[in-house]
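Asks: Before I ask anything, let me first share the structure, which is written out below as structure tokens.
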DNA sequence: TAGATAATTAGACGAATATCTAAATAAAAA
DNA sequence: TTTTTATTTAGATATTCGTCTAATTATCTA
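Residue numbers (the working numbering), protein chains in the order written: chain A, 97 to 185; chain B, 97 to 185.
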């Protein structure tokens, strides 16, 4: 859970996740959406990958990034759990 | 949203929120649960308050902290939204 | 009013973080 | 095989962050 919240701390990374809702994007396509260098975006993608929030697959020279909805659901459960008392659990 | 994720980045703060699921606690009661000085806990409570994740009310010498479920629901919506494509929105 | 209790604020310090430029790696194209 | 394109890795730097001790504020009680 810690890696997930670490990844979500940064606004750029949250925006990347939102971009990926509509499907896979290459690192370059993602970078194009931000006023930031490619190495910086690459670093953000690395943190998202470490948190398993995105999956990456190489296709030729391109690295395709995809949102990992399984982990989003883990997060969803964590938040829902926050609304439950211990008694309810 | 940024203040919320900033607040949730730290494991101690996430634990404080989980403690507060079962009801209001004073700063002292919260601090007792952690192997950390009171000023440190006070600082964490301040960040949670700034994110509006907790509400605070003074009763005499004591400051009572409560989980703000409204903001938890804002967070919940954010996460749910992450599973939707732009088309679905 | 003086002392005790609850909690915060102030200031310091080391560790973590976000960003950049320059260099390296991987694959495609010429 | 040389060059180009896509992307990451390395290293540097300024800023943010978590924690501590010491001092301060607020309230209660003797």
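The C-beta atom is built at its ideal place from N, Cα and C for all residues, glycine as well.
Use the C-beta contact count for residue 140(B): other C-beta atoms within 10 angstroms, 16 or more gives buried, fewer gives exposed.
Replies: Buried, since its Cβ has 16 or more Cβ neighbours within 10 Å.
Asks: Between the alpha carbons of residue 163(B) and residue 184(B), how many angstroms are there, rounded?
Replies: If I take the Cα positions, the gap works out to 32 Å.
Asks: DSSP three-state label for residue 155(A), please.
Replies: Strand at residue 155(A).
Asks: Quick one: which chain B residues come within Cβ less than 9 Å of residue 181(A)?
Replies: Near residue 181(A) (Cβ distances below 9 Å), the residues of chain B are 117, 118, 119.
Asks: Under 8 Å: do the stretch 99 to 113 of chain B and the stretch 152 to 168 of chain A share three or more Cβ pairs, one atom per stretch?
Replies: Short answer: they don't touch.
Asks: For the pair the stretch 124 to 138 of chain A and the stretch 105 to 117 of chain B, tell me if three or more CB-CB distances fall below 8 Å.
Replies: No, they do not touch.
Asks: Kindly indicate the opening and closing residues of the alpha helix (DSSP H) around residue 124(B).
Replies: Residues 123 to 128.
Asks: Any heavy atom of the ligand SAH closer than 6 Å to the Cβ of residue 107(B)?
Replies: Among the ligands in the structure shown, none appear at all, so the ligand SAH cannot be discussed.
Asks: Can you pull the chain B residues whose beta carbon is under 8 Å from the beta carbon of residue 168(A), in chain order?
Replies: Simply 175, 178, 179.
Asks: Just to confirm my understanding: we take residue 152(B), look at its own chain, exclude 5 residues before and 5 after, and list those with CB closer than 8 Å. What are they?
Replies: Hits under 8 Å: 141, 145, 159, 160, 161, 162.
Asks: By how many angstroms is the C-alpha of residue 182(A) removed from the C-alpha of residue 173(B)?
Replies: One C-alpha to the other measures close to 22 Å.
Asks: Between the Cα of residue 155(A) and those of 136(A), 137(A), 122(A), 132(A), spot the shortest distance and give me the residue it belongs to.
Replies: Answer by Cα proximity: 122(A).
Asks: Strictly below 7 Å CB to CB, what residues from chain B border residue 98(A)?
Replies: By Cβ distance, chain B contributes 107.
Asks: Taking only beta-carbon atoms, is residue 141(B) less than 7 Å away from chain A?
Replies: No, residue 141(B) does not count as interfacial toward chain A.
Asks: Taking all protein chains shown into account, decide if residue 137(A) is buried (16 or more other Cβ within 10 angstroms of its Cβ) or exposed.
Replies: Buried, because 16 or more other Cβ atoms sit within 10 Å of the Cβ of residue 137(A).
Asks: Under three-state DSSP, which class holds residue 144(A)?
Replies: Three-state result, residue 144(A): helix.
Asks: With DSSP as the reference, label residue 120(B) as helix, strand or coil.
Replies: Looking at residue 120(B) - three-state DSSP - the assignment turns out to be coil, as it is neither helix nor strand.
Asks: Nearest-angstrom Cα distance between residue 132(A) and residue 149(A)?
Replies: So the alpha carbons of these two residues sit roughly 21 Å apart.
Asks: Roughly how many angstroms lie between the CA atoms of residue 176(A) and residue 134(A), to the nearest whole one?
Replies: Their Cα atoms are separated by approximately 36 Å.
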